[in-house]
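Residue numbers (the working numbering): 23 to 362.
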């Protein structure tokens, strides 16, 4: 593999971690929106607040990692994406900011009215942020981002059938990941009634998400034929693996195998992301918008790529053990359970 191929592989690994961790984080906020009244929904919201603790700040490490690596290793692609898709990217950034501020202010507020206001801002931002990030992915995958500064249409590049499908799938995936994680957390807390509540939501969300994915086949066939062709040929094994993992997840939820379902749900999301990468390979900005931005053509100088990969290797040796220890601490069974 060339340095450019190693760089895009590392970038996609970071994107996968962001999809899994931030997806569960955003999904927790999604279910905060539907938890119920201030009094009746408090147990669910308390469980959500605890569950997103280890990924609340850590997930943004992966977002920053992806952005910086794209900027450093593929600068022309970074410029094209950021300038053409700056509207959804700005809205997503605002959503992340509002989400964090509202969550903090809700915890610090004593008045019920303010708690409701900040809670609504937190929950709505948790829905809108993954949606706009999904529209960005749809715009790139459907070939609507040409090379150059703001060379693509500032509206249709992200507001099109494929982008709307991408945004909808991003919200649904986040919601589904969160329910699978929350079921296991509720059981560990001894809150079996909460586990049952999230179990029902996981089943409904998984079925709806599967239906949207099936309907998306028609959307991609008509709106993004090159992507459709890649998914149904080169990336077909990964697409099938994602479908199998999705069905297995639903069966495990039915049987209340909550720890195993975390693995299969994460596998379903991971195979979708890597299926997209394989379907688009070797293009970073696929046709028809741009015909020649391959991984090799869009990469920075080899010296820059080598220095970047060495720095990332050193950073990963320090960061990954710390994150693993953080997650293990939050999953310990001997932790003092929360008061109902």
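A virtual CB, placed ideally from N, CA and C, is assigned to each residue, including glycine.
Is residue 192 close to the ligand COA? I mean its beta-carbon at under 7 Å from any heavy atom of the ligand.
Judged by which ligands are present, the structure shown has none, so any question about the ligand COA falls away.
Using the three-state DSSP reduction, which class does residue 167 fall into: helix, strand or coil?
For this step, residue 167 is matched to residue 145 along the chain shown. Note: residue 167 maps to coil in three-state DSSP.
Which of the three DSSP states is assigned to residue 177 in this structure?
Indexing the chain shown from 1 puts residue 177 at position 155. Of the three classes helix, strand and coil, the one that applies to residue 177 here is coil, per DSSP.
Mind checking residue 337: buried by the 16 CB within 10 Å criterion, or exposed?
For the purposes of this step, residue 337 is taken as the residue at position 315 of the chain shown. With fewer than 16 other Cβ atoms within 10 Å, it is exposed.
Just list the residues that DSSP pairs residue 282 with in beta bridges.
Walking along the chain shown from the start, residue 282 turns up at place 260. Bridge partners of residue 282: none, in fact.
Quick one: Cα of residue 275 to Cα of residue 331, how far?
In the chain shown, counting from the first residue as 1, residue 275 sits at position 253. In the chain shown, counting from the first residue as 1, residue 331 sits at position 309. Taking the straight line joining both Cα atoms gives about 40 Å.
Quick one: give me the first and last residue of the alpha helix (DSSP H) that residue 111 is part of.
Reading the chain shown from its first residue, position 89 is the one you call residue 111. Residue 111 -> alpha helix (DSSP H) spans 108–130.
Assuming residue 305 is part of the beta strand (DSSP E), what are its boundary residues?
Within the chain shown, numbered from 1, the residue matching residue 305 stands at position 283. It spans 305–307 - the beta strand (DSSP E) in which residue 305 sits, taken as one unbroken run.
Can you name the start and end residues of the alpha helix (DSSP H) that residue 248 belongs to?
To locate residue 248, count along the chain shown from 1; it is residue 226. First-last of the alpha helix (DSSP H) with residue 248: 247–254.
Taking contact to mean 3 or more Cβ pairs, one atom from each stretch, closer than 8 Å, check whether the stretch 56–66 and the stretch 277–284 are in contact.
The stretch 56–66 is not in contact with the stretch 277–284.
Between the C-alpha atoms of residue 403 and residue 196, what's the straight-line distance to the nearest angstrom?
This structure leaves residue 403 out entirely; the chain is present only between 23 and 362.
What span of residues does the alpha helix (DSSP H) with residue 346 cover, start to end?
Start at 1 with the first residue of the chain shown, and residue 346 comes out as number 324. Note, residue 346: alpha helix (DSSP H), 324–352.
Determine contact between the stretch 219–228 and the stretch 160–170, defined as no fewer than three beta-carbon pairs at a distance below 8 Å.
No, the stretch 219–228 does not touch the stretch 160–170.
Could you give the first and the last residue of the continuous alpha helix (DSSP H) run that contains residue 71?
If you number the chain shown from 1, residue 71 lands on position 49. 64–73 is the extent of the alpha helix (DSSP H) around residue 71.
Check whether the Cβ atoms of residue 186 and residue 106 sit closer than 8 Å, and answer yes or no.
Taking the chain shown and counting its residues from 1, one reaches residue 186 at position 164. Taking the chain shown and counting its residues from 1, one reaches residue 106 at position 84. No, these two residues do not count as a Cβ contact at 8 Å.
What number of angstroms, rounded off, separates the C-alpha of residue 252 from the C-alpha of residue 301?
Here residue 252 corresponds to residue number 230 of the chain shown, with the count starting at 1. Here residue 301 corresponds to residue number 279 of the chain shown, with the count starting at 1. Using only the alpha carbons, I get a separation of about 4 Å.
In whole angstroms, give me the CA-to-CA distance for residue 27 and residue 317.
Taking the chain shown and counting its residues from 1, the one referred to as residue 27 is at position 5. Taking the chain shown and counting its residues from 1, the one referred to as residue 317 is at position 295. Rounded to the nearest angstrom, the two C-alpha atoms are 7 Å apart.
Could you check where the alpha helix (DSSP H) with residue 190 kicks off and where it finishes?
On the chain shown, residue 190 is found 168 positions in, with the first residue counted as 1. Per DSSP, residue 190 belongs to the alpha helix (DSSP H) from 183–210.
Contact between the stretch 127–146 and the stretch 194–212: three or more CB pairs below 8 Å?
Because the criterion of three Cβ pairs below 8 Å is not met, the stretch 127–146 and the stretch 194–212 do not touch.
Output the boundary residues of the alpha helix (DSSP H) element that contains residue 29.
Taking the first residue of the chain shown as 1, we reach residue 29 at position 7. First-last of the alpha helix (DSSP H) with residue 29: 25–55.
So residue 99 and residue 295 are in contact, right, with Cβ under 8 Å, and what is the actual spacing, rounded?
Within the chain shown, residue 99 is the residue found at index 77, counting from 1. Within the chain shown, residue 295 is the residue found at index 273, counting from 1. 18 Å between Cβ atoms; not a contact.
I need the boundaries of the alpha helix (DSSP H) containing residue 59, first residue and last residue.
Counted from its first residue, the chain shown places residue 59 at position 37. Per DSSP, residue 59 belongs to no alpha helix (DSSP H) and is neither H nor E.
So is residue 342 buried or exposed if we call it buried at 16+ other beta carbons inside 10 Å?
Position 320 of the chain shown, counted from the start, is the residue given in the question as residue 342. By the neighbour-count rule (16 or more Cβ atoms within 10 Å), residue 342 is not buried but exposed.
Expressed to the nearest angstrom, what Euclidean distance is found between the alpha-carbon atoms of residue 334 and residue 310?
Walking along the chain shown from the start, residue 334 turns up at place 312. Walking along the chain shown from the start, residue 310 turns up at place 288. Those two C-alpha atoms are separated by around 33 Å.
In its own chain, which residues sit with a C-beta less than 7 Å from the C-beta of residue 39, not counting the 5 before and 5 after it?
For the purposes of this step, residue 39 is taken as the residue at position 17 of the chain shown. If we look at residue 39 and ignore the five residues flanking it on each side, its Cβ neighbours are 84.
On the CB-based measure, 16 or more other CB atoms within 10 Å of its CB, does residue 277 come out buried or exposed?
Translated into positions along the chain shown, residue 277 becomes position 255. Exposed: under 16 other Cβ atoms inside 10 Å.
Check for me: the alpha helix (DSSP H) holding residue 83 runs from which residue to which?
Translated into the one-based positions of the chain shown, residue 83 becomes position 61. Taken as a continuous stretch (DSSP letters only), the alpha helix (DSSP H) holding residue 83 covers 80–95.
With the cut-off set at 8 Å, would you say residue 29 and residue 327 are in Cβ contact?
In the chain shown, residue 29 corresponds to position 7, counting from 1. In the chain shown, residue 327 corresponds to position 305, counting from 1. In contact: residue 29 and residue 327 (Cβ atoms closer than 8 Å).
Please list, in chain order, all residues of the same chain as residue 93 whose beta carbon is under 6 Å from its beta carbon, the five residues on each side excluded.
Here residue 93 corresponds to residue number 71 of the chain shown, with the count starting at 1. Same-chain partners within the cutoff: 100.
Closer than 7 Å by C-beta to residue 200: which residues in its own chain qualify, once you throw out the five before and the five after it? Chain order, please.
Looking up residue 200 in the chain shown gives position 178. Result list for residue 200: 46, 49, 50, 52 and 53, in chain order.
Please tell me whether residue 192 and residue 155 are closer than 8 Å, where the distance is taken between their beta carbons.
Within the chain shown, numbered from 1, the residue matching residue 192 stands at position 170. Within the chain shown, numbered from 1, the residue matching residue 155 stands at position 133. Yes. Within cutoff.
In the DSSP output, what is residue 316 paired with across the bridge?
Taking the chain shown and counting its residues from 1, the one referred to as residue 316 is at position 294. The partner list for residue 316 (beta bridge, DSSP) reads 305.
Got a sec? Which residues, its chain only, sit under 8 Å from residue 288 by beta carbon, not counting five neighbours each side?
Here the question's residue 288 lines up with position 266 in the chain shown. Counting only Cβ-Cβ distances below 8 Å, and skipping sequence neighbours, we find 42 and 199.
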